[in-house]
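K.L.:
Numbering (our numbering), first residue to last: 4 to 70.
(1) Following the continuous alpha helix (DSSP H) through residue 43, name the residue where it begins and the one where it ends.
(2) Heavy atom of the ligand ZN less than 7 angstroms from the Cβ of residue 24, yes or no?
(3) Specify, as a first and last residue, the run of the alpha helix (DSSP H) that residue 14 falls within.
(4) When the Cα atoms are used, what is the spatial distance from residue 26 to residue 11?
(5) When you compare the CB positions of residue 51 and residue 15, do they come within less than 8 angstroms of one another, or not?
(6) CB-CB under 7 angstroms to residue 158, same chain, minus the five flanking residues each way: which ones, in chain order?
(7) Quick test of your reading: residue 38 and residue 30, contact by CB under 8 angstroms. State the CB separation rounded to the nearest angstrom.
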């Protein structure tokens, strides 16, 4: 794994950061699975940041359990 800086549009960055802050402030301990979903949406859908295994979407998919 290589760490590298990635620069995204400032508007995108601040929108994603605002959503992450909102998620942190409104976290419901009774619904921890919803937290992961909200984080994925904020980082992926709003920030455009996805893990590299998404590049092969649908080809090499395996079921994953969230602990």
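Just so you know, even glycine gets a beta-carbon here, dropped at the ideal spot from N, CA and C.
P.N.:
Working from what's here:
(1) Annotation: the continuous alpha helix (DSSP H) that includes residue 43 extends over 35 to 43.
(2) You won't find the ligand ZN in this model; it holds no ligand whatsoever.
(3) Its alpha helix (DSSP H) spans residues 13 to 28.
(4) Answer to the nearest angstrom: the Cα atoms are 21 angstroms apart.
(5) In contact: residue 51 and residue 15 (Cβ atoms closer than 8 angstroms).
(6) Residue 158 lies beyond the stretch modelled for the chain, which goes from 4 to 70, so this question has no answer here.
(7) Taking the Cβ atoms as the reference, residue 38 lies roughly 6 angstroms from residue 30, within the contact range of under 8 angstroms.
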